[in-house]
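Working notes for the structure below.
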Amino acid sequence: MSRRVRRKVAKKGKDNVVSLSYHELEDEDLRPERNESVDWTSLPDDTVIQLFSCLNYRDRESLSSTCRTWRGLGGSQCLWSSLDLRAHKFDTGMATSLASRCVNLQKLRFRGAESADAIIHLQAKDLREISGDYCRKITDATLSVIVARHEALESLQLGPDFCERITGDAIKAIAICCPKLKKLRLSGIRDVHADAINALAKHCLNLVDVGFLDCLNVDEAALGNIVSVQFLSVAGTSNMKWGVVSLLWHKLPKLIGLDVSRTDIGPTAVYRLLSASQSLKVLCALNCAVLEEDTSISTIKTKGKLLLALFTDIFRGLSSLFAETTKKGRNVFLDWRCSKNNDKNLNEIMTWLEWILSHTLLRTAESNPQGLDNFWLKQGAALLLSLMQSSQEDVQERAATGLATFVVIDDENASIDCERAEAVMRDGGIRLLLNLAKSWREGLQSEAAKAIANLSVNANVAKAVAEEGGINILAGLARSMNRLVAEEAAGGLWNLSVGEEHKAAIAEAGGVKALVDLIFKWSSGGDGVLERAAGALANLAADDKCSMEVAIAGGVHALVMLARNGKFEGVQEQSIAIGREGGVAPLIALARSDAEDVHETAAGALWNLAFNHSNALRIVEEGGVPALVHLCSSSVSKMARFMAALALAYMFDGRIDEFAPMGTSSEITSKSVSLDGARRMALKHIEAFILTFSDPQAFAAAAASSAPAALAQVTERARIQEAGHLRCRFPSLILLPLHLCCKMVMFANLHFIT
Numbered sequence: 001m002s003r004r005v006r007r008k009v010a011k012k013g014k015d016n017v018v019s020l021s022y023h024e025l026e027d028e029d030l031r032p033e034r035n036e037s038v039d040w041t042s043l044p045d046d047t048v049i050q051l052f053s054c055l056n057y058r059d060r061e062s063l064s065s066t067c068r069t070w071r072g073l074g075g076s077q078c079l080w081s082s083l084d085l086r087a088h089k090f091d092t093g094m095a096t097s098l099a100s101r102c103v104n105l106q107k108l109r110f111r112g113a114e115s116a117d118a119i120i121h122l123q124a125k126d127l128r129e130i131s132g133d134y135c136r137k138i139t140d141a142t143l144s145v146i147v148a149r150h151e152a153l154e155s156l157q158l159g160p161d162f163c164e165r166i167t168g169d170a171i172k173a174i175a176i177c178c179p180k181l182k183k184l185r186l187s188g189i190r191d192v193h194a195d196a197i198n199a200l201a202k203h204c205l206n207l208v209d210v211g212f213l214d215c216l217n218v219d220e221a222a223l224g225n226i227v228s229v230q231f232l233s234v235a236g237t238s239n240m241k242w243g244v245v246s247l248l249w250h251k252l253p254k255l256i257g258l259d260v261s262r263t264d265i266g267p268t269a270v271y272r273l274l275s276a277s278q279s280l281k282v283l284c285a286l287n288c289a290v291l292e293e294d295t296s297i298s299t300i301k302t303k304g305k306l307l308l309a310l311f312t313d314i315f316r317g318l319s320s321l322f323a324e325t326t327k328k329g330r331n332v333f334l335d336w337r338c339s340k341n342n343d344k345n346l347n348e349i350m351t352w353l354e355w356i357l358s359h360t361l362l363r364t365a366e367s368n369p370q371g372l373d374n375f376w377l378k379q380g381a382a383l384l385l386s387l388m389q390s391s392q393e394d395v396q397e398r399a400a401t402g403l404a405t406f407v408v409i410d411d412e413n414a415s416i417d418c419e420r421a422e423a424v425m426r427d428g429g430i431r432l433l434l435n436l437a438k439s440w441r442e443g444l445q446s447e448a449a450k451a452i453a454n455l456s457v458n459a460n461v462a463k464a465v466a467e468e469g470g471i472n473i474l475a476g477l478a479r480s481m482n483r484l485v486a487e488e489a490a491g492g493l494w495n496l497s498v499g500e501e502h503k504a505a506i507a508e509a510g511g512v513k514a515l516v517d518l519i520f521k522w523s524s525g526g527d528g529v530l531e532r533a534a535g536a537l538a539n540l541a542a543d544d545k546c547s548m549e550v551a552i553a554g555g556v557h558a559l560v561m562l563a564r565n566g567k568f569e570g571v572q573e574q575s576i577a578i579g580r581e582g583g584v585a586p587l588i589a590l591a592r593s594d595a596e597d598v599h600e601t602a603a604g605a606l607w608n609l610a611f612n613h614s615n616a617l618r619i620v621e622e623g624g625v626p627a628l629v630h631l632c633s634s635s636v637s638k639m640a641r642f643m644a645a646l647a648l649a650y651m652f653d654g655r656i657d658e659f660a661p662m663g664t665s666s667e668i669t670s671k672s673v674s675l676d677g678a679r680r681m682a683l684k685h686i687e688a689f690i691l692t693f694s695d696p697q698a699f700a701a702a703a704a705s706s707a708p709a710a711l712a713q714v715t716e717r718a719r720i721q722e723a724g725h726l727r728c729r730f731p732s733l734i735l736l737p738l739h740l741c742c743k744m745v746m747f748a749n750l751h752f753i754t
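Numbering-wise, full-length UniProt numbering puts 710 at position 710 of the sequence shown, and it's gapless, one number per residue.
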C-alpha cells in the first residue's frame, strides 16, 4: 500500500485527549510496598495542582472528579490563566459552562469563526492575549464585539490563514477599544487603509509590535506615524511602495526589527533603510526575488546592523548580535535560551526573530519555490530544528509544520526530497520531533506526528524513527481522543508499515489494536483518520506474521465496513483478503464509478482479491468482469488499466475452472454465471491492452538495427513508470493461453523485474 504525505496545516478538529507518559521513581526506598494502599487524596495541595498543570483539559476534568478536594483544586485560578481551545468544539454552550473558571483568564487560543463568536461568553474581562487561526470567516462585527468586551487586551494575533472578511474598520475598532494594546499581528487583510493605521497610532501608544502579513494593500505612509513601533513585519504583503518606505520608515525613532520577507523589495530600499535608520538593528528579507537577483547587495557594509537573507549566513549573523564570542554557529538560539542574559532589548529581538523566522520558513515551504535546495540543506533545516526548541509554543508548532512541509515534493504521489529528509536526520531532528510528540500539548503532538510521518517516507529516516522508539510513541498517539493527533499518528504508522522490518514492531507496540479502534471510533466525520488507519492495517494484513493479529483485532471487519461505506477515495484499496466478508460488491461498484481518481484504488483492490480463486469467482458472479474490462480499456489512468488487466489475468488463469464445479459458493446456482463468455471477454481485452503499448514500426526498426538506443525507445514506450512498486505473482500467469501468456509475462516482466 502506498504512502501519504501532508503539506497543508490540518483542518479543524473537535475532541481531544492526550496520552501522557510519567517518569517512575527509581529509588526503591521511595516506592510503597505492593501490599500497601495508597491514599492519593492525601497529597499536598501544591503537588496536586502541579500534577493538574501537566494535563490537558479533558484529563484535568476527569482527575478532578476523584474527590471533593481535588474538584476544588482542579478549579484553581492558577490552572485557568491560559486556555487553548483549538482542538475542541468551542461554542456558546461550552463558553458558558467554562465562564466561572475563566474569571482570571489572561491568554486564549481559538480556532474558527464559531469559536470566535463564543469568546465573549467566557466573560474573561481581564483577557490580555488572544490568538486565533482559521479566521477566514471571522467578520468585522465579530472582531469588534470581541475587542469591545476586552479592553485590557495587550496582544491580538489572527493568522496565518487570510482574514478575508476583516477590513480596516475592524482595525479602527481595535484601536479605540484596546488602548493598552502592545502587539497586533493580522494576516491576509485586503486593505489596511490610512484611517485604520492612524487610529492605532493615536490610541495605542504602547503598540510596539505590528504585523500586517500577506495583505493586499497597506498604507506605507500611515505606518510611518506609529512612532511607538519597535518591531514591524509586512512579510508577504503586495503592492508596497518601497520608495515611500525608504523615505519614511527610517525616521521611526524606536524601530529595531523590520521584516520584509517574501516581498518585492529591491536593493535600493534595503540599503536606504539600513544606512539611514538610527535605531534599526535587524532587517529580515528572506525569499525576496528582486533583492536576490542583485548580487551587489551582498557587499553592502552596515556596521552594527544585520541583514538576514537567503544569500547570507543566518546563524553567523545572529551570533553577531551577542557580545559573547561563545554564541556561535547553529547553537545560537539554544545558547541564548540557556544563558542568563539580562539584556532586555536583545531578548526581545531574539523572541521576535524566532516568531518571524518560523512564519517565513513555513510560508516558503508551503509555496515550495524553485532554486532553494541549497538553502534548505545548508541553513533551512537547521533553522527549523532550532526553532522547534523555542519556548514559544506557536513557534514550535510552525517549525514542526515547516519540517513536515519542506521535505514534500509532491503530496499527491507521496514524493519527498531524500536529501532534505536526511539533513533533518543528521542534525538530530528525529529525536527532537519525538520529544515534541511526547508533549502534553496536543497542538505540538499533532504537528510533530505529521513531520515524523512525512519524513518516514524515506527508508533511512523510517529506520531512525524505529530505533529511537518512535513506533511506540506513534502507537500511543493513535489512541488519542483528539482526532488531529490520532490522524497524524495513524499516518506515521501507515508510512512505517510499508517497511517489512517495521511491521512486527508496530504489532508489538499495540499499533494494530489502536488502528482498528480508530476506524470504529471515527467511522463518521473522520475521513483522514480512516484513510490512514486503513492504509496501515492493509500493509500489516499483507504480512504473514501480522495478518493473524489484524484478524483477531477485528481489522478485516473494519476494512470491510469501510469498503461498504464507500464514502471517500482511498480507503477502499485497503480491502485485501476480505472477499468472504462481502467486500467484493463495494469494490466493483467503485470500479464502475465515474470518478476517475478512484479507478486505481478499485483495480488494485480487485487485483489483490483475484489471486484467491474463491474471490475470483465472486468477482465474476458480482459482475466484476465488465467493470474490469471497462477500466482496462477506457480508464485514463495507465495504472488502473494495468491492474485491471492483471486482475482479469489472475481470474482466468485456469484455477477458477477447478473451483466453480465444486459448488462451495452459496450463490453459484442462483447467478447462472457464464464463465466461458466472461473468459473470452477478459482475454480479448487483456490482449488489446497490451497492444496499446506497442508500436509495430518502432519495434521493427529496433529489431532490424539491434541498436541499444532503439531498443531502449521501444522499452520506454511500453513502460508504466508508476508500476515499479507493484508485486506480481508470475506462477498464476503461466496457465493462460500460450500466446497471451507470453505477452502478459513479457509485459509484466518489464515492470516487475529490474
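Ideal placement from N, C-alpha and C gives every residue a C-beta, glycine not left out.
Alpha carbon to alpha carbon, how far is residue j from residue i? Give it in angstroms, no decimals.
i, j, result
"L213", "V282", "18 Å"
"A645", "A553", "33 Å"
"A196", "T167", "9 Å"
"L353", "D335", "15 Å"
"E622", "T405", "43 Å"
"residue 764", "Q389", "Here the chain comprises residues numbered 1 to 754, so residue 764 is not present and cannot be evaluated."
"A199", "L280", "24 Å"
"W494", "E488", "10 Å"
"V145", "G476", "41 Å"
"I349", "I256", "8 Å"
"K438", "A464", "17 Å"
"A505", "A649", "35 Å"
"I690", "I519", "39 Å"
"I314", "Q379", "8 Å"
"E292", "K344", "33 Å"
"K513", "L484", "19 Å"
"Y134", "D161", "6 Å"
Among the options, which residue has its Cα nearest to the Cα of residue i?
i, options, result
"K202", "W494, C177, L216 and I189", "C177"
"L617", "V332, R101, D653 and V512", "D653"
"T351", "G380, L387 and G329", "L387"
"S53", "T66, C67 and S81", "S81"
"R190", "E164, A173, V210 and A196", "E164"
"G75", "D91, A309, N104 and R86", "N104"
"L85", "G470, R71, E114 and L537", "E114"
"S635", "T692, T268, A678 and E397", "T692"
"A148", "D59, C135, G132 and I171", "I171"
"Q157", "K305, G428, H250 and D394", "D394"
Within 10 angstroms of the Cβ of residue i, are there 16 or more other Cβ atoms? Answer buried if so, exposed if not.
i, result
"L30", "Annotation note: pLDDT 37 at L30 (below 50); position unreliable, coordinate value reported separately. Classification for L30: exposed."
"G93", "exposed"
"C215", "buried"
"P369", "exposed"
"M548", "exposed"
"V550", "buried"
"F110", "buried"
"L205", "exposed"
"R479", "buried"
Using DSSP with H/G/I as helix, E/B as strand and the rest coil, what is residue i?
i, result
"S614", "helix"
"Q157", "strand"
"S415", "strand"
"M548", "helix"
"C632", "helix"
"I619", "helix"
"W352", "helix"
"F642", "helix"
"A489", "helix"
"M240", "coil"
So what does residue i bridge to, in DSSP terms?
i, result
"C284", "D259 and L308"
"G211", "R185 and S233"
"L496", "Looking at the DSSP assignment, L496 forms no beta bridge with any residue, so it has no partner."
"R109", "D84 and S131"
"V192", "V218"
"A408", "The question names Ala, but residue 408 is Val in the sequence shown. Note: V408 sits in a beta bridge opposite I416."
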